[in-house]
Every structure is written in structure tokens, then in C-alpha cells.
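Remarks on the structure that follows.
4 protein chains.
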Amino acid sequence: MAGNSFGNLFKLTSFGESHGEAIGGIIDGCPAGLKIDLNAIDLEMQRRRPGQSSITTSRNEPDQVHFLSGIYEGKTLGTPIGFMIRNKDHNPKDYSEIESSFRPSHADFTYHKKYGHRDHRGGGRSSARETACRVVAGAIAKQLLKNITIQAFVSSVGDVFIDKPYQDLDLSRTDDSIVRCPDKATSKKMIERIEKLKGLGDTTGGTITCVIKNTPIGLGEPVFDKMHAQLGKAMLSINAVKGFEYGSGFCGAQMKGSEHNDQFLEDETTSTNRSGGIQGGISNGMDIYFRVAFKPVATLMQTQETIDQTGKTVKIEGKGRHDPCVVPRAVPIVEAMAALVLADFYLLNNISTINSL
Amino acid sequence: MAGNSFGNLFKLTSFGESHGEAIGGIIDGCPAGLKIDLNAIDLEMQRRRPGQSSITTSRNEPDQVHFLSGIYEGKTLGTPIGFMIRNKDHNPKDYSEIESSFRPSHADFTYHKKYGHRDHRGGGRSSARETACRVVAGAIAKQLLKNITIQAFVSSVGDVFIDKPYQDLDLSRTDDSIVRCPDKATSKKMIERIEKLKGLGDTTGGTITCVIKNTPIGLGEPVFDKMHAQLGKAMLSINAVKGFEYGSGFCGAQMKGSEHNDQFLEDETTSTNRSGGIQGGISNGMDIYFRVAFKPVATLMQTQETIDQTGKTVKIEGKGRHDPCVVPRAVPIVEAMAALVLADFYLLNNISTINSL
Amino acid sequence: MAGNSFGNLFKLTSFGESHGEAIGGIIDGCPAGLKIDLNAIDLEMQRRRPGQSSITTSRNEPDQVHFLSGIYEGKTLGTPIGFMIRNKDHNPKDYSEIESSFRPSHADFTYHKKYGHRDHRGGGRSSARETACRVVAGAIAKQLLKNITIQAFVSSVGDVFIDKPYQDLDLSRTDDSIVRCPDKATSKKMIERIEKLKGLGDTTGGTITCVIKNTPIGLGEPVFDKMHAQLGKAMLSINAVKGFEYGSGFCGAQMKGSEHNDQFLEDETTSTNRSGGIQGGISNGMDIYFRVAFKPVATLMQTQETIDQTGKTVKIEGKGRHDPCVVPRAVPIVEAMAALVLADFYLLNNISTINSL
Amino acid sequence: MAGNSFGNLFKLTSFGESHGEAIGGIIDGCPAGLKIDLNAIDLEMQRRRPGQSSITTSRNEPDQVHFLSGIYEGKTLGTPIGFMIRNKDHNPKDYSEIESSFRPSHADFTYHKKYGHRDHRGGGRSSARETACRVVAGAIAKQLLKNITIQAFVSSVGDVFIDKPYQDLDLSRTDDSIVRCPDKATSKKMIERIEKLKGLGDTTGGTITCVIKNTPIGLGEPVFDKMHAQLGKAMLSINAVKGFEYGSGFCGAQMKGSEHNDQFLEDETTSTNRSGGIQGGISNGMDIYFRVAFKPVATLMQTQETIDQTGKTVKIEGKGRHDPCVVPRAVPIVEAMAALVLADFYLLNNISTINSL
């Protein structure tokens with residue numbers, strides 16, 4: 025398998041299967057001299073960790089990060105930051121049934137066909153457990169991006185949507201809600217929806233919106249590595265994601281140019297922001313915002329028909345401990361991936377013109 | 025500027041400004057011994073080229089590709105394929121007004137801020153003229169992918185949508201319509217819509233759907249380089265794109281797991297295909313399909329207010345020759361980028377297991 | 025710091041400071057289904073490990089490799105192989121003196137200037153301890169390259185040289201000698217030389233020759249990534265290396281073309297092999313051989329003058345435990361790096377022509 | 025073929041066969057706003073071009089570079105710099121004999137075996153004609169590196185060596201000599217040697233020494249991308265190169281540590297410079313110097329025995345126009361490759377610490 029690295033200059037390479045000994049990663053390219061706030065990293069890990077509330081999986085992982093290199097006397101050395109998270113609460117017996125069967129809409133079938141040999145336990149490498157490493161790296165990227173704030177929140181669960189623009193929400197209150205929806209009334213409805221489906225052994229999809237403020241003008245490399253193309257790749261690489269749109273998004277495709285254009289004002293801001301803070305792939309200083317669609321979790325606590333490795337129809341029943349809806353826990357992952365994208369472009373932008381050298 | 029390369033093993037690097045001497049590129053990593061059908065490449069270029077119909081820009085570029093290396097006696101040498109397309113019908117006078125002003129929702133402002141020094145003529149490097157190089161490389165990638173068919177079509181213009189699933193359309197007839205919509209009745213409405221807006225000096229957005237058939241099982245590198253993450257990046261890197269979704273997409277986020285899961289059948293296909301042919305980032309052999317949202321063209325044939333480089337409000341009027349809607353010409357670009365993604369994964373998949381070595 | 029990855033398809037990324045908690049790495053791109061012989065890996069580690077004989081450093085590191093992912097039921101999964109080696113016998117007090125002084129011909133000064141902030145203990149990231157990770161990855165690469173044999177040996181210590189061509193040596197006996205010289209008489213002289221210098225608190229340089237047999241024809245990517253260019257980079261990236269030559273090397277530069285050319289025979293071998301098994305950057309099936317020059321170890325057990333961080337002259341005395349000559353322990357490192365280069369080209373060569381797809 | 029790109033941030037990708045329509049390349053990552061001196065580029069091209077003197081090949085190529093993008097109003101745009109050099113004086117008939125035979129010590133055999141299909145004319149992609157693109161990119165890199173001087177010269181031809189340290193030579197006079205040896209008496213002997221061999225239809229090898237002054241402290245990325253490892257790869261990727269050494273090089277391997285160490289002085293220079301300006305892979309501010317070995321040109325104007333594609337012994341006679349010794353023309357190529365390495369590290373060093381951001 026290739027494709028276990030993300031980023032060009034600020035680069036994360038990760039490893040680890042869901043029920044192996046450990047997961048972990050290496051962050052290469054973080055500049056020297058950055059003070060590292062370990063508590064802030066731990067806080068992000070707690071936001072992602074399983075077992076954090078009644079609407080998430082009950083797998084209980086402390087998800088403590090061990091840094092093995094690259095940080096000395098509280099500051100980055102400029103050398104690669106190696107880290108590891110032990111897998112503790114694994115229960116491989118939950119997975120014996122799927123050793124030879126393919127769960128519907130899971131990666132069991134494709135891994136089996138592609139690699140021949142697979143670690144079926146908890147989905148192995150295809151498990152979202154891998155995203156814990158993204159959160160570690162993203163938490164460090166956030167510290168590099170000091171003045172930029174990256175705030176994601178759950179904007180829908182099933183067909184329960186927040187019906188306000190993000191400007192009318194207090195994004196600092198997102199984590200007050202276990203579903204991570206900053207609108208109190210909607211949050212309540214979302215939780216009810218999830219609990220009801222959980223009771224039925226069913227699951228639901230949802231969307232996350234992310235808002236990035238205070239991005240300096242000039243980040244992003246036009247043509248193939250446009251800011252929004254990298255953000256899109258980053259988000260689509262998160263487990264269960266089915267779609268990405270930024271600024272006016274799919275709605276913009278229904279608009280006329282005379283409605284859609286953002287007019288420049290004399291202070292170099294724009295009167296509207298359908299561009300989503302990005303023009304020609306480069307940040308223009310306005311808020312960057314985008315929306316990410318997550319499909320419903322494929323593992324149901326219901327009996328489903330499927331086939332086994334010989335192609336014979338079999339029945340499987342959901343075991344293991346799974347989230348009825350991934351979006352609450354995916355909020356810190358979305359933020360982490362956004363931070364990785366921005367950190368990379370931030371470094372690269374330092375060498376865009378001879379004046380900045 | 026970095027970010028002018030796309031792909032890892034089958035890699036395109038491109039160059040060129042809209043009104044410079046030429047645009048072109050280098051394709052590195054195409055295997056030796058591939059018979060090249062130059063007519064097929066030319067045909068793709070004709071599908072993208074300006075001036076092809078009454079609803080596209082009247083800029084008249086023959087867009088003839090000169091291959092400079094890498095092909096000998098009709099077959100690839102395995103060496104880099106260099107190519108060049110001269111810019112012929114440029115009319116830099118059209119752009120003198122915007123030398124010092126920033127067109128709304130264009131890249132003028134961000135390029136100016138990022139690079140200090142810019143070629144304003146026709147948008148320079150930010151122009152969609154650059155996509156001609158993608159079509160050249162994509163046409164070669166298609167020839168490498170012999171049995172795989174990649175078919176894009178216009179699925180909406182403004183709020184005029186095709187209201188049928190793609191399975192009910194004859195995708196071989198897409199090019200019969202100048203708007204590249206395979207549904208006759210809808211095509212007619214789309215053309216009317218575009219002509220009406222063109223008459224008003226206005227523009228419109230739209231969407232393109234792309235369907236890929238006969239993909240072998242196993243393409244895609246899970247984790248960061250999932251098949252759909254790379255497709256998403258590829259599409260989002262095309263000018264004017266605001267969103268990407270595959271399979272069930274944003275609709276999937278509203279569904280329950282019990283509705284969404286694709287059941288495996290004994291022939292290893294699935295009964296439904298909400299997964300969009302991709303599970304865990306790897307192709308599963310079903311059709312891959314996705315949808316791409318394009319914003320309305322930002323250049324209007326109307327007077328607009330904006331600011332100049334000193335921050336003063338000025339009025340500009342659209343000049344130059346522009347499309348009232350990009351989606352008809354973007355169809356071959358979407359196909360080309362999809363072909364680049366697949367060609368790259370196809371090569372990489374040859375070294376996934378020791379059995380394939 | 026960037027540059028902690030080696031290879032394109034078979035890629036090692038490493039981390040770790042000499043006296044930090046652990047060193048380790050991630051191998052990405054190893055094909056699935058490869059049976060892993062852990063004993064063979066351990067054996068390579070023993071060949072490199074400190075404290076293995078009377079002529080190496082007495083630092084006592086068991087250098088046990090913990091594999092954390094990527095191997096399941098004895099075979100590679102195709103997923104990234106994460107591994108870790110704990111640092112055990114570190115004695116940071118040995119290094120308190122150099123916390124603020126720069127050892128001559130060490131990286132202390134340049135790290136201090138480049139990064140501002142450094143881990144001085146044992147040289148931190150600049151220590152050759154990092155090469156243990158290369159040996160792990162190289163040992164796996166060797167297993168992938170089954171039929172290819174890679175054999176390095178010490179060809180000189182100071183001015184004590186083996187005076188025979190490698191064809192006259194039994195390379196299977198290299199490890200019989202603690203100095204890893206397969207010629208018995210020369211080995212004895214080399215050991216005497218090293219012991220004498222060690223007694224004086226002094227050190228010596230040396231060279232290693234490496235011979236690679238059974239390489240298939242066709243490995244290597246001409247132009248920038250020629251086989252010998254990658255081998256050269258690989259070797260020059262090993263600590264203390266000052267030079268690299270392959271085939272006729274520097275002697276070849278004194279020859280005439282009529283003396284130097286290798287004549288092809290009807291069995292497609294060549295009568296001589298001044299090309300060193302590589303023509304135009306591509307392996308031609310003959311033995312690949314090259315020679316690597318190592319400078320004398322910079323840390324002396326003598327008093328030396330140097331400067332401290334304020335620029336003032338100070339005297340330092342060698343502490344810590346160091347090798348009087350690195351070449352005996354560098355033999356497995358040279359082999360490991362050669363294996364990484366070959367594994368990468370071996371994978372890449374599988375997609376060179378459409379016939380191999 | 026992969027491997028047609030060099031560099032990470034300042035990156036050259038090249039294309040072109042010796043007797044195809046053109047050769048050329050794309051330079052991606054050159055910062056915006058750099059004033060380009062086209063005459064200086066042309067001058068470097070003249071230094072490399074064939075037909076420049078009585079001791080070089082008589083192929084007459086004007087080698088005029090056409091820049092197609094990336095430079096506007098005399099300054100770089102930050103966008104990719106595309107360029108092209110037409111092949112003019114090609115005489116494919118000279119090569120009909122080798123269409124089916126393999127010239128000794130050439131790449132004909134390995135290309136044929138690796139790719140199946142090859143352009144035999146003038147060696148196709150394996151020809152040193154490709155290095156013209158390196159000189160273009162290197163000339164631009166030199167302009168980016170304003171204060172750093174990179175000066176190469178011929179230090180030996182066959183066994184005729186300059187017997188002085190480089191400090192005793194006036195490197196500004198190198199080009200006064202057609203053999204590019206700055207020592208007048210030695211230059212004369214070298215020219216005599218070459219002319220004598222040329223008269224016999226024979227060829228000779230030689231070495232080039234390169235000295236880089238005024239490199240700032242801190243360039244180079246330790247571990248795999250050490251400054252000297254990248255320089256070594258760069259040099260070894262030039263046609264006909266067999267060896268590379270820097271600083272004390274192979275001689276250093278014969279020395280004792282007490283002789284070899286460079287003592288730091290209070291001004292942060294070192295009293296000697298056996299380190300060759302690089303410690304731990306990072307420049308220390310002293311002169312960087314290295315030596316490159318070139319084998320004798322393989323094409324002789326004599327009859328040689330070889331085999332054809334069927335494995336049968338045949339006789340071939342040298343045709344085409346070839347250099348009797350490559351080193352005079354390789355001097356600007358060595359400088360160009362050194363400039364590419366330094367430009368890349370220079371850019372990267374701007375993001376090494378948070379203080380430089």
C-alpha cells in the first residue's frame with residue numbers, strides 16, 4: 025500500500041492496524057523552535073476518542089500519545105516527530121465472524137481482492153482508528169498556525185439541519201453539545217435522532233461544516249494544488265466521506281454570474297463570500313468555509329445478508345462496538361486535516377517570491 | 025508556484041500562460057510500447073477547444089498539439105512525452121483595462137498579492153486555457169486504460185437538471201448535443217437557458233456527472249490516496265469547480281445505514297451501488313460515478329464595480345471572449361482528469377502484491 | 025528538517041535521536057504477501073549493533089526491533105510497516121561538556137546554526153544511531169529481492185588495502201572477521217591497525233566495497249535517477265562517507281576509450297566489466313560493484329581545541345563510547361542502503377513497458 | 025521511464041531525444057520576481073554547446089533556448105518556466121548501423137532490453153544532449169543564488185593532472201583555455217593529449233573539480249538528503265560519470281582522525297577544510313568542493329566488435345560526431361547541477377525554523 029503520507033513540506037506518514045499493537049506516525053518538516061503544548065494535543069485526542077459520550081462507540085481507548093522524538097525541552101528540534109498510540113481495548117473475538125465474510129459497504133471485500141492477505145480484525149488498516157494519527161499531527165499544525173482558527177461543527181444529522189448561516193452561530197460553544205452542533209435546539213434534535221436509530225440497531229449519515237478564519241492572503245498553489253483541491257482531497261480521505269463543497273458549492277452551480285460574483289470593497293475584502301475565501305486556488309483573506317458529507321456507518325446492529333470469500337451467501341450480525349453516527353467524532357478529524365493542508369501551504373508560501381526569501 | 029504536476033507514476037507537469045507564446049507539458053512515466061492514436065487525441069482537443077459552437081467563447085484556437093519527444097514510430101518510447109500548443113488567437117488589448125484592476129471572483133487579486141508580479145493578459149496562468157494540457161495527457165491515459173470507459177456529460181445547467189438516473193441515458197450520444205447533455209429534451213432547455221443568459225451578458229453554473237465502467241477491482245491506495253480522494257482533488261483542481269460528490273454523495277448523508285448499504289451478491293457485484301464503485305478507497309468493480317459542481321463564469325458582459333491595485337473603486341466592463349457557461353467544454357476536461365487518476369492507480373496496482381510482480 | 029524519507033515506491037521514513045526514547049521508522053510500499061523472516065532481520069541488526077567486538081564502541085544496545093504494524097501471520101499486509109527500537113544504554117552525562125561546545129568535524133555547529141535548538145546528547149539526530157532503521161528496512165528489502173545477493177566488505181582501513189580483485193575473495197566469509205574483511209591476512213593487519221590507533225585515542229578511515237550479483241537486466245531509471253546516481257546518493261547519505269565510485273570509478277577517468285570499453289559477447293554478457301554492471305543508468309545483468317570512502321571517526325579520545333557557542337576557544341576531551349573505525353559496522357548499512365535502492369527500482373521496473381502490465 | 029525530474033522545490037523536469045524534434049523542460053518552483061538575464065543563460069549554453077572548439081564534437085547546434093512561459097517583462101512570474109531547444113544538425117544516417125547493434129559501453133543494449141522499443145538515433149534519450157536542459161535550469165538557479173559562486177574546472181585529462189590545490193588557481197580564467205583548465209601549463213598538456221588521442225580515433229577520461237564559495241551556513245537536510253548526498257546524485261546523474269568525492273574524499277579514508285579533523289576558530293571558520301564545507305550534511309560556511317570522475321567517451325572512431333539484437337557478433341565503426349573527451353564541455357553541466365542542488369536547499373532552508381517564517 026502506498027499513500028500513507030499527507031503533505032509536501034509539513035508531512036505526516038502514518039501506520040497501524042485497528043487491532044495491531046499500536047498505531048502511530050512521523051511528522052517530517054515541522055520547523056524547529058516551535059513550543060509544543062502537549063495538553064492541547066491531548067484535548068484534541070479526547071475530542072476524537074471513542075467512548076466519550078452516550079452516542080459514540082463504547083470501545084474504551086485512552087488514546088495516549090507517546091512522542092518518541094523530535095521534541096526536546098518543550099520545543100521542536102526540526103527533526104522528525106515520531107509518535108505512537110497503543111491499541112488497548114481490542115476485542116478480536118468480535119471479528120471472528122468476518123474473517124471470511126465481507127461486511128456490506130465496508131472495505132473487507134476490496135482489501136481482500138487487492139492484497140490477498142488482510143488483517144480482518146476491526147477492519148485492520150481500513151478502520152477509522154487510523155484517523156487518531158491525523159489528529160495528533162493536526163494538533164501540532166494548529167500550533168504552527170497560531171493566528172488562524174479552524175472550527176468545524178456538525179451541520180446536519182440525517183435530515184436534521186441547522187437552518188442558520190454559520191455567522192449566526194457561536195462556534196466556541198460547539199463542544200458544549202455531545203453531537204458537536206453549536207445550535208442548541210438543533211443539537212437536541214440531532215441527539216434524539218441518533219439515539220432513536222441506535223435503539224433500532226441502525227445508523228445515520230450527516231454533514232460537517234468547517235470555518236477557517238484569519239488565513240493570510242496568498243496560501244495555495246494554483247493549477248493542480250489549489251487550496252480547495254487539497255482541502256477536498258484531505259476531507260475525502262477521511263473514512264465515510266462522500267462529498268465536499270466549498271463556498272457556494274453545489275448551490276453555486278445553480279446561480280447566475282451576476283448573482284454569484286463577490287464584489288471587492290476598498291478595504292480589499294469582498295461584500296459577499298461565495299468564493300469561500302479562495303479565488304483561483306489561493307486564499308483571499310476572507311473566511312474559508314466548506315462542507316463535508318459523511319455516509320451512515322456501514323456496521324449495523326442488525327442481521328444483514330452478504331457473501332463469504334467463496335462467494336456463498338451468508339448472514340452476519342453486527343458485533344464490535346461502533347458509532348451510530350460518525351460526525352460528532354469526525355469534527356476534530358476535519359479540523360486536523362484542514363490544519364495539515366494550511367500548514368503545508370503556509371510553509372510553501374514563504375518561498376513564493378524573492379521578496380520573502 | 026509549485027503544484028504544476030499531477031500524478032505519481034503517470035505524471036503530467038504543465039506550463040503556460042493564456043496569452044504567452046505557448047502552453048504545453050511533459051508526461052513522465054507512460055510505459056513504453058503503447059501505440060498512440062493521434063486522431064483520438066485530436067478529437068479530445070476538438071471537444072475542449074474554444075469556438076466549437078454558438079454557446080462557447082468565440083476565441084478561435086486550433087489547439088494543435090505538437091509532440092516533441094517520447095513517441096517514435098507510432099509508439100511510446102518510455103521516455104518523457106513533451107508537447108506544446110501554440111497560443112494563436114490572443115488579443116491582449118482586450119485585457120488592458122484589467123492590468124491594474126481586479127475582476128470580481130477572478131484570480132487577479134490573489135495572484136497579484138501572492139506573486140507581486142503577474143501576467144494579467146487573459147488571466148495568465150489562472151486561465152482555463154491551461155486545461156488543454158490536461159486533455160492531451162488524459163487522452164493518452166485513456167489509451168493506456170484500453171478497456172475502461174470514462175464518460176462525462178452535463179447533468180445540469182443552472183436549475184435545469186436531467187431527471188433520470190445515468191443508467192437510463194445513452195452516454196454514447198452525449199456529443200450529439202452542443203451542451204453535451206445526452207437527454208434530448210433537457211439538452212434543448214439547457215441551450216435555451218444559456219442563450220438567454222448570453223443575450224443578457226450574464227452566465228450560469230452547472231454540473232457534470234462522470235461514469236467510469238469496467239474498472240478492475242483493486243485500484244486506489246487507501247488512507248490518504250483513496251480513489252475518490254484523488255478523483256476529488258483532480259476535479260476540484262479544474263477551474264470554476266466548487267464541489268465534488270461520488271456515489272450517494274450529499275444525499276447519502278441524509279440516509280440511514282439500513283437504506284444505504286450495498287448488499288453483495290454471489291457474483292461479487294452489489295445489488296445497489298451507493299458506494300459509487302469504491303469501498304475503503306479501492307475500486308470494487310462496480311461503476312464509479314461522481315458529480316462535479318461548476319460555478320457561473322465570473323466574467324460578465326456587464327459593467328461591474330471593483331477596485332484597482334491602489335484600492336480605489338472602479339468600474340470595469342467585460343471584454344475578451346468568454347463562455348457563458350463552462351460545463352459543455354469542461355466535459356472532456358473532467359474525463360481527462362479522471363483518466364489521469366485511473367492511469368496512475370492502474371500502474372501502482374501492478375506492484376501491490378508479490379504475486380503481481 | 026525534511027529529508028527523512030528514502031525511496032519512491034519502497035519508501036523508508038525514519039525518526040529518532042540518539043539518546044531520545046526510541047528510534048524507528050515506517051516502510052511504505054512493500055507489496056503484500058511477502059513472508060518475513062524475523063531472524064534474518066535480527067541477524068542484520070546484530071551485524072550493525074554496537075558492542076559486537078573489541079574494535080567497536082562499547083555502548084551496549086540490544087537493538088531489538090518491535091514491529092508495530094504491517095505484518096500479520098508472518099506476511100506483509102501491504103500496509104505500512106511501523107517499527108521501533110528503544111534506546112537503552114544512553115549515558116547523557118557523557119555529553120554535558122558538548123552541550124555548549126562544538127566538536128571538531130561533527131554536526132554540532134551546523135545543527136546549532138541551522139535549527140537554533142538542538143539535542144546535543146550523543147549528537148541527537150546526527151548520530152549514526154539513525155542507521156539502525158536503515159538496516160531494518162534494508163533487511164526487508166533483501167527479502168523482497170530474493171535472488172539478488174548484496175555483499176559488502178571492508179576493502180581498506182587507513183592505508184591497509186586488500187590487493188586482490190573481489191572475484192578472488194570468498195565473500196561468504198566476510199563475517200568471519202571482526203573487521204569484516206574477507207581476506208584473512210589483510211583482516212589481521214586491519215585489526216592491528218585499528219587496535220593500535222584505539223590505544224592512542226585516535227581513529228582511522230577506511231573503504232567498503234559492495235558487490236551485487238544476479239540483478240536482472242533493466243533496473244534503473246535513466247537521466248536523473250540512474251541506478252548509480254541513486255546508489256551514490258544512498259551511500260553518501262551514510263554518516264562519515266566522503267566518496268563513491270562504481271565500476272572503473274576514478275581509475276576509469278585515467279583510461280583511454282579503447283582500454284575501457286566492455287565488449288559484448290554472444291551470450292549478452294561483456295568480456296570485461298568496467299561499466300560496473302550499469303550502462304546508461306540501467307543494470308545490464310553483470311555484477312554491480314562500487315566502493316565507498318569513510319572518513320576517520322571525528323570523536324577522539326584526546327584533548328582537542330574548539331569553540332563554544334559564544335565563539336570562545338575551549339578544550340574538549342572525547343567522552344562517550346565511540347568506534348575507532350566505522351567501516352566494520354558500516355558493512356550491513358551499505359548493504360541495507362543498496363537493497364533499498366534495488367527494491368525501489370525493482371518495483372518500478374514492473375511498470376516500464378505495457379508488456380509487463 | 026520515470027526519473028526525469030530533479031529537485032523538490034526548485035524542480036526541473038526535462039524531455040527530449042537527441043535526434044527528435046526538440047528537447048526542453050519545465051522549471052517549477054522558481055520564486056516570482058527574479059530578474060532573468062537571458063544573456064547569462066545564453067553564455068552558459070555556449071560553454072556547453074557542441075562545435076565550440078577543435079577538441080569537441082563538430083555537431084553544430086546553435087542551442088538557442090526558447091522560453092515559452094513563466095517569464096514576463098523580464099522577471100519570473102512564479103509560474104512554471106517552460107522552454108525548448110530545437111534539434112537542428114541531426115544526421116540520422118550516421119546511426120543506421122546501430123539501429124540493430126549495441127555499441128560497447130553505451131546504453132543501446134540496456135534501453136533495448138528495458139523498453140523493448142527505442143529511438144536509436146544518436147542514443148535517443150540516453151544521449152548527453154539532454155544535459156543542455158540542465159544548463160538552462162542551472163543558469164536560472166545561479167541567478168537565484170546571487171552571492172554564491174560556483175566554479176568548476178578540468179582537473180585532469182587521462183593521467184595529466186593539475187598538481188596544485190584549487191586555492192592556487194585563478195578560477196576566473198578557466199574559460200581562457202579550450203580544455204577549461206585554469207592552469208596554463210597543464211592546459212597545454214591536456215590539449216595535446218586529447219588531440220593525439222583524437223588523431224588515433226581514441227578517447228580519454230578526465231576529472232572535474234568544482235568549488236562553491238559563499239554558501240550560507242545551514243543549507244542541506246541531514247539524514248537522507250545531506251548536501252553532499254544530493255550533490256553526489258546530481259553529479260552521478262551526468263552522462264559518463266563514474267565517481268564523486270567531496271572534501272578529503274577517498275584520501276580521507278586513509279587518514280587518522282587526529283589528522284583529519286577541522287579545528288574551529290573563534291570566527292567560526294575552520295583552520296583546515298577536509299570537511300569540504302559540509303558537516304553532518306549541512307553547509308558550514310567554508311568552501312564546498314568536490315571532484316567528479318568521467319570515463320572515456322565510449323564511441324571510438326575505430327572498428328570494434330560487438331553483438332546485434334539477435335546476439336550475433338558484428339563489427340561496427342564509429343560514425344556520428346563525438347567528443348574525444350567530455351570534460352571540457354561537462355564543466356558548465358557540473359556547475360548547473362550544483363546550482364540546482366543549492367537552489368533547492370536554499371529555498372528549503374527558509375522554512376527550517378519558526379524564526380525564519
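Protein sequence lines, in the order shown, are assigned to chains A, B, C and D.
To convert, note that position 269 of the first sequence is 293 in the numbering used here; the numbers rise steadily by one, no gaps.
To convert, note that position 131 of the second sequence is 155 in the numbering used here; the numbers rise steadily by one, no gaps.
To convert, note that position 198 of the third sequence is 222 in the numbering used here; the numbers rise steadily by one, no gaps.
To convert, note that position 13 of the fourth sequence is 37 in the numbering used here; the numbers rise steadily by one, no gaps.
C-beta atoms are modelled at their ideal positions from N, C-alpha and C, and glycine is treated no differently.
Under three-state DSSP, which class holds Gln328 of chain D? strand
Measure from the C-beta of Pro55 of chain A to each C-beta in chain D and report whether the shortest distance is under 7 Å. yes
Residue environment, Asp200 of chain B, which counts as buried when at least 16 other CB atoms sit within 10 Å: exposed
So if I threshold CB-CB distances at 8 Å, which residues from the stretch 103 to 129 of chain D count as touching chain C? Phe126, Pro128, Ser129
Closest Cβ-Cβ distance between Ser93 of chain C and chain A: below 7 Å? yes
Considering only their Cβ atoms, is the gap separating Lys319 of chain D from Ala264 of chain D smaller than 7 Å? yes
Taking 7 Å as the limit between beta carbons, can you name the residues of its chain near Ile340 of chain C, skipping five residues before and five after? Glu121, Ile122, Ser125, Arg127, Gln328, Thr330
How far does the beta strand (DSSP E) with Gly48 of chain C in it extend, from its first residue to its last? 46 to 52
If the cut is a Cβ gap below 8 Å, which residues of chain C does Ser299 of chain D touch? Ser129
Under 7 Å Cβ to Cβ from Thr210 of chain C, same chain only, skipping five residues before and after it: list those, please. Val184, Ile186
Considering just the uninterrupted stretch of the alpha helix (DSSP H) at Val65 of chain A, what are its terminal residues? For the record, residue 65 of chain A in the displayed sequence is Ile; it is not Val. Residues 62 to 72.
What residues of chain A sit near Asn374 of chain D, judged by a beta carbon separation below 8 Å? Asn374, Ile375, Ser380, Leu381
With burial defined as no fewer than 16 other Cβ atoms inside 10 Å of the residue's Cβ, what is the status of Pro348 of chain D: buried or exposed? buried
Is it buried or exposed, Lys220 of chain B, if we count other Cβ atoms within 10 angstroms and call 16 or more buried? exposed
Chain-ordered neighbours of Leu33 of chain D on chain A, where CB pairs are closer than 7 Å: Ile375
CB-CB under 8 Å to His78 of chain D, same chain, minus the five flanking residues each way: which ones, in chain order? In the sequence as displayed, the identity of residue 78 of chain D is Ser instead of His. Cβ within range, chain order: Ile202, Glu219.
Assuming the contact rule is C-beta atoms closer than 8 Å, Ala360 of chain B and Arg158 of chain B should be a hit. Round their C-beta distance to whole Å, please. 5 Å
Using beta carbons (cut-off 7 Å, strictly below), is Thr363 of chain B in contact with chain A? The amino acid at residue 363 of chain B is misidentified as Thr; the sequence shows Ala. It does not: the Cβ of Ala363 of chain B has no partner Cβ on chain A nearer than 7 Å.
Where does Ile375 of chain D fall in DSSP's three states? coil
With DSSP collapsed to three states, give me the class of Ala56 of chain B. strand
Leaving out five residues on either side along the sequence, give the residues of the same chain with a beta carbon under 7 Å from the beta carbon of Phe133 of chain C. Phe126
Starting from Ser261 of chain C, find everything on chain D with Cβ-Cβ shorter than 8 Å and list it in chain order. Val247, Phe248, Asp249, Lys250, Ala253, Gly305
For the candidate residues D:Leu101, D:Ala165, D:Glu245, D:Cys205, whose alpha-carbon lies nearest to that of Ala176 of chain D? D:Cys205
Can you tell me the Cα-Cα spacing of Val350 of chain B and Ile262 of chain B, whole angstroms? 11 Å
Residues near Ser179 of chain B by beta carbon distance below 7 Å, same chain, minus five either side: Phe185, Ile186, Thr231, Ile232, Thr233, Arg315
In the structure shown, what three-state DSSP assignment does Val160 of chain D receive? helix
Would Leu195 of chain D count as contacting chain A if we go by Cβ distances under 7 Å? no
Beta carbon proximity, Leu366 of chain D to chain A, threshold 7 Å: no
Starting from Ile215 of chain B, follow the alpha helix (DSSP H) in both directions and report where the run begins and ends. 208 to 223
What do you reckon, are the CB atoms on Val367 of chain C and Leu67 of chain C nearer than 7 Å? Before going on, a small fix: residue 367 of chain C reads as Ala here, not Val. It is not a contact, given that the beta carbons lie outside the stated cut-off.
is_contact[Leu324 of chain B, chain A] using C-beta, thresh 7 Å: yes
Contacting positions in the stretch 40 to 66 of chain C - beta carbon closer than 7 Å to chain B: Pro55, Ala56, Gly57, Leu58
Looking at C-alpha atoms only, which residue of D:Gly271, D:Ile164, D:Thr377, D:Val338 is the closest neighbour of Tyr313 of chain D? D:Gly271
Examine the Cβ distances between the stretch 74 to 94 of chain B and the stretch 44 to 56 of chain D and report whether three or more of them are shorter than 8 Å. yes
Would a check of beta-carbon distances place Ser201 of chain C closer than 7 Å to chain D? no
Taking Leu371 of chain C as the query, report the chain B residues whose CB atoms sit under 7 Å from its CB, ordered along the chain. Ile375
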